[in-house]
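Asker: Following this message is one structure expressed as structure tokens.
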Amino acid sequence: STIVLVFEAPSDFEFTVHAGQKVKVGERLGDL
Amino acid sequence: LMNAWTETPTKWYPLPLAVGALLLVAIQYRKKVKKARLEADLDENGMEVIRLKGPWHVHVIGALPLRNMSRLWGYVNSLELPIWFRPYGYRFYAYAFGCNLDEIEPADLRSYPSLGAFFYRKLKDGARPVDPAILVSPADGTILHFGTVQGMQVEQVKGITYHLDALLGVERPGHAPSLAEHGRDMSIVDDQEFANVNGIEYSLEQLIGTSSSSPQSSGFSTPALSSHAPPVRPPTEADALLAHPPPKKYGERIDASVVEPDRNTVAHDASVAREMGVRPSMERKGSLGARNLRPGHSLFFTVIYLAPGDYHRFHSPTAWVVEKRRHFVGELFSVSPWMAKRLENLFVLNERVALLGRWRHGFFGMVPVGATNVGSIKVNFDQTLRTNVRGRPPPPGTFSEAVYSNASPILRGQPLNYAEEMGGFCLG
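First to last, the protein sequences are chains W and S. Numbering-wise (the numbering used here), the first sequence opens with residue 1118 and increments by one. Numbering-wise (the numbering used here), the second sequence opens with residue 3 and increments by one.
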């Protein structure tokens, strides 16, 4: 299964992950 | 060969014009066919018609009865296993798919009656510390892809895109007002008849005016009646509608929560709104706030793939308010990275539940997408949602919608905090 997030954010929002990275609930995905 | 090449006389003569003309016609015709094929992909609203596109094996998989296979898989995994077998079976599954048995709750493997129950296991409290960032992962899994939405096109994987409207659905003009709107028409609730018709002993006016009890999770609670009896008038058609709502047609909005607030809830939600930094949404930006972004804002997306061995409940990725959900009954292709790289439109063909709302920075959407082995999607605050039900799926892009406006009148939606459990994926 898959979860797709689509969201509006200030343009300086940055993802702190990379494709292929394993993540767990609550881990940082991105920040301003 | 040399003689033939050197001695054969070259004879020049004009090509008949017809051949040139035929060539032009052929080129024109090919262009027209190509354009017609592109046009055919657009429906009357100019939206791209979602079709199965990809290499031949994708079409072979598309011909399989995926939904029936998924339901059979779910049925088999709902069968109760003998108690003595459960530890061995679940340990084998954990070994094969890399599950971490130390963090599950309850830890005793015999307490899971079936593989389906084990698949929908919970985690121990504290097993997932929450990062203070504004966006955290909603699930255990692998980041398949992420980036910025350019021109309403979302990238499935490098090079393959689909339209955001196809993923989230488009507001349709002239939508039938939902029961919730009828239900909130104060003129029909200040009426003893309405109360009787609905088997309750008070009207909403009395609830808001007198009671201090908190609402039950389903239906109405029955606080003490206020002293004055409201004027009685013959039941209207709206009372009858509320008493016996018509069967839901596909695509019609239903209200997933009929809990009416009382004063405490309203005050509590106002404080939650301040805490979450979410504006009480009086202005209805429509579900696709994605269209009218605030200046200096962009639209981002990220795709997280949950492998069979991952913990399959999903949590809230931030503090946000879910205003509505759109359930798209679709196919149940595998969503593995292998398939995502080959099957275009995978996430807009599959069964999915688009949860739409807003957070402190504007529009926010979260879309759990089902797959062959996990066709069922549960949302804790939406008991009316049923996924992967029997029957032919309607054309891609049609959805049934539920609004959560009654969950909280101040926030006009279901408020969720960081890492709050929202629901999950079940086998079959």
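Beta carbons: idealized from backbone N, C-alpha and C, even for Gly. In this text, all values refer to a predicted model and were calculated from it rather than measured experimentally.
#1: Between the beta-carbon of S/L125 and the beta-carbon of S/Y313, is there less than 8 Å?
#2: By the three-class DSSP mapping on this structure, what secondary structure does S/P232 have?
#3: Using a Cβ distance threshold of 8 Å, determine whether the segment 373 to 383 of chain S contacts the segment 324 to 338 of chain S, with at least three qualifying pairs required.
#4: With DSSP run on the structure shown, which of helix, strand or coil describes S/E105?
#5: Please return the same chain residues whose Cβ sits closer than 7 Å to the Cβ of S/W361, not counting the five positions on each side in sequence.
#6: Can you pull the chain W residues whose beta carbon is under 8 Å from the beta carbon of S/P140, in chain order?
#7: Does the beta carbon of S/P370 sit closer than 8 Å to a beta carbon anywhere in chain W?
#8: Suppose contacts are defined by Cβ-Cβ distances below 8 Å. Is S/V305 in contact with W/T1119 by that definition?
#9: From W/G1137 to S/R315, what distance separates their C-alpha atoms?
#10: Out of S/A309, S/G149, S/P115 and S/D142, state which residue places its alpha-carbon closest to the alpha-carbon of S/F99.
#11: Can you name the residues of chain W whose CB is closer than 8 Å to the CB of S/V156?
#12: S/W361 touches chain W at which residues, Cβ-Cβ below 9 Å?
#13: Which residues in the same chain have their Cβ closer than 6 Å to the Cβ of W/F1132, if we skip the five residues on either side of it in sequence?
#14: Between S/R130 and chain W, is the shortest Cβ-Cβ distance under 8 Å, so that the two count as touching?
#15: Could you check where the beta strand (DSSP E) with S/V305 kicks off and where it finishes?
#16: Cβ closer than 8 Å: which chain W residues qualify as neighbours of S/P319?
#17: Smallest Cα separation from S/N294: which of S/L26, S/I145, S/F366 and S/E346?
#18: Using a Cβ-Cβ cutoff of less than 7 Å, which residues in the same chain neighbour S/A342 once the five nearest sequence positions on both sides are dropped?
#19: For S/S402, count neighbouring Cβ atoms within 10 angstroms of its own Cβ and tell me buried if that reaches 16, exposed if not.
#20: Going by DSSP, what residues sit across from S/Y164 in a beta bridge?
#21: Once the 5 residues before and after S/V371 are set aside, which same chain residues still bring their CB inside 7 Å of it?
#22: If you run the structure through DSSP and keep just helix, strand and coil, what is S/P11?
#23: Cβ atoms of S/M368 and W/L1149: under 8 Å apart, would you say?
#24: If you draw a straight line from the C-alpha of S/Y90 to the C-alpha of S/Y77, how long is it?
#25: Assuming S/A98 is part of the alpha helix (DSSP H), what are its boundary residues?
#26: How about S/I29: is its C-beta nearer than 8 Å to some C-beta of chain W?
#27: Put S/L25 into one of helix, strand or coil per three-state DSSP.
#28: Along the chain, where does the beta strand (DSSP E) containing S/I63 start, and where does it finish?
#29: What distance in whole Å lies between the Cβ atoms of S/V405 and S/E325, which are believed to be in contact at a cut-off of 8 Å?
#30: Quick one: is S/S318 buried, meaning 16 or more other Cβ sit within 10 Å of its Cβ, or exposed?
#31: Just to confirm, are W/K1141 and S/R93 a CB contact at a threshold of 8 Å?
#32: Does any C-beta atom of chain W lie closer than 8 Å to the C-beta of S/G364?
#33: Going along the chain, which residues of the segment 314 to 348 of chain S sit with their C-beta nearer than 9 Å to a C-beta in chain W?
#34: At which residues does the beta strand (DSSP E) containing S/S72 begin and terminate?
#35: Could you tell me which of S/L334, S/Q416 and S/G430 sits nearest to S/P395, measuring between CA atoms?
Answerer: Reading it off the structure:
#1: On the second sequence, position 123 is the one that residue 125 of chain S refers to. On the second sequence, position 311 is the one that residue 313 of chain S refers to. It is a contact, given that the beta carbons lie within the stated cut-off.
#2: Within the second sequence, numbered from 1, the residue matching residue 232 of chain S stands at position 230. The pLDDT assigned to S/P232 is 34, lower than 50, so where the model puts this residue is not dependable; a value taken from the coordinates is nonetheless given after this. In this structure, S/P232 counts as coil in the three-state DSSP scheme.
#3: yes
#4: As a first step, residue 105 of chain S must be located in the second sequence, where it is residue number 103. It is helical.
#5: Locating residue 361 of chain S in the second sequence gives position 359, counting from the first residue. Hits under 7 Å: V280, T320, A321 and W322.
#6: What you label residue 140 of chain S is simply residue 138 of the second sequence in a count that begins at 1. Neighbours of S/P140 on chain W, chain order: I1120, L1122 and V1142.
#7: Locating residue 370 of chain S in the second sequence gives position 368, where the first residue counts as 1. For S/P370, the answer is yes, since a Cβ of chain W falls inside 8 Å of its Cβ.
#8: Reading the second sequence from its first residue, position 303 is the one you call residue 305 of chain S. Reading the first sequence from its first residue, position 2 is the one you call residue 1119 of chain W. The answer is yes: Cβ separation under 8 Å.
#9: Sequence index remark: in the first sequence, residue 1137 of chain W carries index 20 (1-based). Sequence index remark: in the second sequence, residue 315 of chain S carries index 313 (1-based). Approximately 20 Å, taken between the alpha carbons.
#10: Stepping through the second sequence from its first residue, residue 99 of chain S is reached at position 97. The shortest Cα separation from S/F99 among S/A309, S/G149, S/P115 and S/D142 belongs to S/A309.
#11: Residue 156 of chain S sits at position 154 when you count from the first residue of the second sequence. Result: V1121 and V1123.
#12: For this step, residue 361 of chain S is matched to residue 359 along the second sequence. Going along chain W in sequence order, the residues near S/W361 (Cβ under 9 Å) are F1124, E1125 and A1126.
#13: Here residue 1132 of chain W refers to the residue found at position 15 of the first sequence. Here the set comprises G1147.
#14: Working through the second sequence from its first residue, we reach residue 130 of chain S at position 128. Yes - at least one Cβ of chain W is within 8 Å of the one on S/R130.
#15: What you label residue 305 of chain S is simply residue 303 of the second sequence in a count that begins at 1. Per DSSP, S/V305 belongs to the beta strand (DSSP E) from H299 to Y307.
#16: Counted from its first residue, the second sequence places residue 319 of chain S at position 317. Under the 8 Å cutoff, chain W gives L1122 and L1146.
#17: In the second sequence, residue 294 of chain S corresponds to position 292, counting from 1. It is S/F366.
#18: Counting from one through the second sequence, the residue named residue 342 of chain S turns up at place 340. L146, Q158, V159 and L348.
#19: Indexing the second sequence from 1 puts residue 402 of chain S at position 400. S/S402 is buried by the Cβ-count criterion.
#20: Indexing the second sequence from 1 puts residue 164 of chain S at position 162. Paired residue(s): S/V156.
#21: In the second sequence, residue 371 of chain S corresponds to position 369, counting from 1. Same-chain partners within the cutoff: V337, F349, N352 and R354.
#22: Mapped onto the second sequence, residue 11 of chain S falls at position 9. Reduced to three states, the DSSP call for S/P11 is coil.
#23: Here residue 1149 of chain W refers to the residue found at position 32 when the first sequence is read from its first residue. Here residue 368 of chain S refers to the residue found at position 366 when the second sequence is read from its first residue. Not closer than 8 Å, so no.
#24: By one-based count along the second sequence, residue 90 of chain S stands at place 88. By one-based count along the second sequence, residue 77 of chain S stands at place 75. The alpha-carbon atoms of S/Y90 and S/Y77 are separated by roughly 21 Å.
#25: Translated into the one-based positions of the second sequence, residue 98 of chain S becomes position 96. Taken as a continuous stretch (DSSP letters only), the alpha helix (DSSP H) holding S/A98 covers R88 to F99.
#26: Along the second sequence, read from residue 1 onward, the residue named residue 29 of chain S stands at position 27. It does not: the Cβ of S/I29 has no partner Cβ on chain W nearer than 8 Å.
#27: The residue given as residue 25 of chain S occupies position 23 in the second sequence. DSSP places S/L25 in helix when its eight states are reduced to three.
#28: Working through the second sequence from its first residue, we reach residue 63 of chain S at position 61. S/I63 -> not in any beta strand (DSSP E); alpha helix (DSSP H) instead, spanning W58 to G64.
#29: Working through the second sequence from its first residue, we reach residue 325 of chain S at position 323. Working through the second sequence from its first residue, we reach residue 405 of chain S at position 403. Contact holds; Cβ gap of about 7 Å.
#30: In the second sequence, the residue the question calls residue 318 of chain S occupies position 316. Answer is buried; the Cβ neighbour count reaches 16.
#31: What you label residue 1141 of chain W is simply residue 24 of the first sequence in a count that begins at 1. What you label residue 93 of chain S is simply residue 91 of the second sequence in a count that begins at 1. Taking 8 Å as the Cβ cut-off, W/K1141 and S/R93 do not qualify as a contacting pair.
#32: Against the second sequence, residue 364 of chain S aligns to sequence position 362. True, the Cβ-Cβ gap to chain W drops below 8 Å.
#33: H314, R315, F316, H317, P319, T320, W322, V337, P339, A342 and L348
#34: Counting from 1 along the second sequence, the entry for residue 72 of chain S is found at position 70. Here S/S72 belongs to no beta strand (DSSP E); instead the alpha helix (DSSP H) covers L68 to V78.
#35: Here residue 395 of chain S corresponds to residue number 393 of the second sequence, with the count starting at 1. Out of S/L334, S/Q416 and S/G430, S/L334 has the C-alpha closest to the C-alpha of S/P395.
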